[in-house]
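Trainee: The structure follows.
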Amino acid sequence: MLRQLIVNADDFGFTRGVNEGILRAHREGIVTAATLMANGRAFEHAVELAREKPSLDVGCHLVLVGGQSLAAPGRPLPASVPALTTAVLLGRMSVHDELAAQVRKLIDAGIHPTHLDTHKHTHLLPQVLKAVLQVAREFGIPWIRRTLDVPLVRRRFDRLIRGNGCRAAGRLAGFRLTGRFGIDDLVRLIHALPPGLTEFLCHPGYADDDLRRSPTRLVESRQREVEALTAPEVREALRAEGVELVSFRDPTATSWGNSGPPSPR
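As structure tokens, then:
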């Protein structure tokens with residue numbers, strides 16, 4: 093069976109250095125998609141780059157932790173995942189309104205996102221996943237990032253995306269490699285890809301001063317990811333294994349949603 097790979101770069105719009113790293117990893121490497129932070133400090137710069145390079149498939153990186161709210165201007169978002177969980181459980185924030193405002197900002201900038209994922213994987217929270225699916229329906233966005241591959245979580249996620257008419261890759265890879273993968277790790281992952289469609293999440297970028305001042309543990313590792321994602325050895329591994337690089341807007345991308353479960357590993 094065909095093996096397909098979407099390489100999706102998170103944090104587009106975070107800083108100009110991150111934006112430039114993502115663009116290079118697309119232009120010279122294997123990144124096929126990116127997700128844009130509507131409340132990122134370098135949002136306008138990312139939009140400009142996306143317009144210059146329309147082959148980059150852009151989605152929305154939905155942010156509920158860190159930075160400023162778009163639904164309630166002037167109000168900060170929760171500073172951590174535990175703080176977000178508390179705010180959601182106590183009804184202190186409207187997750188739907190915040191996510192819808194972020195998607196609307198992309199659309200107003202001329203970018204209609206083809207896919208959605210969440211900063212720090214917050215759609216593992218049932219209330220957040222419900223809002224993400226609602227926003228996907230409202231704005232006609234077909235693809236949602238698969239949550240972490242835990243059996244109970246997977247079954248619930250699959251049931252919900254099927255019921256909401258959304259699509260997802262059969263497998264999500266890269267979470268455990270965040271901040272620590274190099275060329276050899278990426279080559280090994282490609283050789284081990286199962287049949288069907290895999291989304292590989294990554295965080296390429298350049299460590300500019302703005303990034304160094306930001307509250308993130310991913311600084312120098314972003315530059316290592318750029319080098320891995322543009323390495324000739326990685327392209328050769330894809331060729332040798334017959335793995336097809338696709339994006340979320342590629343009509344040949346094989347998903348699972350209404351059509352049945354993904355291929356077994």
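Everything in the sequence shown is counted per the numbering used here, starting at 93 for the first residue and increasing by one. By construction, the Cβ of each residue, glycine as well, lies at the ideal position given by its N, Cα and C atoms.
1. Quick check on DSSP: helix, strand or coil for E336?
2. Taking only the alpha-carbon atoms, compute the straight-line gap between E190 and Y298 and give it to the nearest angstrom.
3. Do you know how far the Cα of F135 is from the Cα of W235?
4. State the Cα-Cα distance for the pair G274 and A320, rounded to the nearest angstrom.
5. Select from Q194, R133, H211 and A228 the residue whose C-alpha is nearest the C-alpha of C45.
6. Let me confirm a value: Q194 is counted as buried when at least 16 other C-beta atoms fall within 10 Å, else exposed. Which label applies?
7. I want to know whether the stretch 144 to 164 touches the stretch 122 to 134 - three or more CB-CB distances under 8 Å.
8. Considering only the beta carbon of each residue, do L97 and L293 sit closer than 8 Å?
9. If I measure Cβ to Cβ from R341 and keep anything under 8 Å in the same chain, skipping five residues before and after, which residues do I get?
10. Tell me the residue span of the alpha helix (DSSP H) that contains R133.
11. Could you check the C-alpha separation between V224 and V157 for me, to the nearest Å?
12. Could you give the residue range of the alpha helix (DSSP H) that holds Q194?
13. Can you check whether the CB of L154 is closer than 8 Å to the CB of H211?
14. Tell me the residue span of the beta strand (DSSP E) that contains Q96.
15. Just grab the DSSP bridge partners of T127 for me.
16. Return the first residue and the last residue of the alpha helix (DSSP H) that L289 is part of.
17. Between R143 and R116, what straight-line distance do the alpha-carbon atoms span, to the nearest angstrom?
18. Is H204 helix, strand or coil when you go by DSSP?
19. I'd like to know whether the C-beta atoms of T239 and A265 end up nearer to each other than 8 Å.
20. Which residue spans inside the stretch 240 to 309 form an unbroken alpha helix (DSSP H) run of at least 4?
21. Whole-angstrom Cβ separation of A130 and K222, contact assumed at under 8 Å?
22. Taking the CB atoms as reference points, tell me whether H137 and N100 lie closer together than 8 Å.
23. In chain order, what residues of the same chain lie with their CB nearer than 7 Å to the CB of R309, ignoring the 5 residues before and after it?
Mentor: Considering the structure as presented:
1. In the sequence shown, counting from the first residue as 1, residue 336 sits at position 244. Strand, per DSSP.
2. Here the question's residue 190 lines up with position 98 in the sequence shown. Here the question's residue 298 lines up with position 206 in the sequence shown. Their Cα atoms are separated by approximately 29 Å.
3. Position 143 of the sequence shown holds residue 235. Position 43 of the sequence shown holds residue 135. Answer to the nearest angstrom: the Cα atoms are 22 Å apart.
4. Within the sequence shown, the letter at position 182 stands for residue 274. Within the sequence shown, the letter at position 228 stands for residue 320. About 5 Å.
5. Given a span of 93 to 357 for the chain in the structure shown, any question on residue 45 remains unanswerable.
6. What you label residue 194 is simply residue 102 of the sequence shown in a count that begins at 1. With 16 or more Cβ atoms within 10 Å of its Cβ, Q194 is classed as buried.
7. yes
8. Translated into positions along the sequence shown, residue 97 becomes position 5. Translated into positions along the sequence shown, residue 293 becomes position 201. No; because the gap between Cβ atoms is not below 8 Å, this pair is not in contact.
9. Here residue 341 is taken as the residue at index 249 of the sequence shown, counted from 1. Correct list, in chain order: D149 and T206.
10. Translated into positions along the sequence shown, residue 133 becomes position 41. No alpha helix (DSSP H) holds R133; DSSP gives it neither H nor E.
11. Translated into positions along the sequence shown, residue 224 becomes position 132. Translated into positions along the sequence shown, residue 157 becomes position 65. Cα to Cα, V224 sits roughly 15 Å from V157.
12. In the sequence shown, counting from the first residue as 1, residue 194 sits at position 102. Q194 -> alpha helix (DSSP H) spans V187 to D200.
13. In the sequence shown, residue 211 corresponds to position 119, counting from 1. In the sequence shown, residue 154 corresponds to position 62, counting from 1. A contact, by the Cβ cut-off of 8 Å.
14. The residue you call residue 96 lines up with position 4 of the sequence shown. Per DSSP, Q96 belongs to the beta strand (DSSP E) from R95 to F104.
15. The residue labelled residue 127 in the question sits at position 35 within the sequence shown. Answer is G151.
16. Counting from 1 along the sequence shown, the entry for residue 289 is found at position 197. Note, L289: premise wrong, no alpha helix (DSSP H); beta strand (DSSP E) at G288 to C294.
17. As a first step, residue 143 must be located in the sequence shown, where it is residue number 51. As a first step, residue 116 must be located in the sequence shown, where it is residue number 24. Computed Cα separation, rounded: 15 Å.
18. Here residue 204 refers to the residue found at position 112 of the sequence shown. If DSSP states are grouped into helix, strand and coil, H204 belongs with coil.
19. Locating residue 239 in the sequence shown gives position 147, where the first residue counts as 1. Locating residue 265 in the sequence shown gives position 173, where the first residue counts as 1. Cβ atoms of T239 and A265: not closer than 8 Å.
20. 243 to 255, 275 to 283 and 301 to 304
21. Taking the first residue of the sequence shown as position 1, residue 130 is located at position 38. Taking the first residue of the sequence shown as position 1, residue 222 is located at position 130. Incorrect: roughly 20 Å between the Cβ atoms, too far for contact.
22. Position 45 of the sequence shown, counting from 1, holds the residue named residue 137. Position 8 of the sequence shown, counting from 1, holds the residue named residue 100. No. Outside cutoff.
23. Taking the first residue of the sequence shown as 1, we reach residue 309 at position 217. Contacts found: G271.
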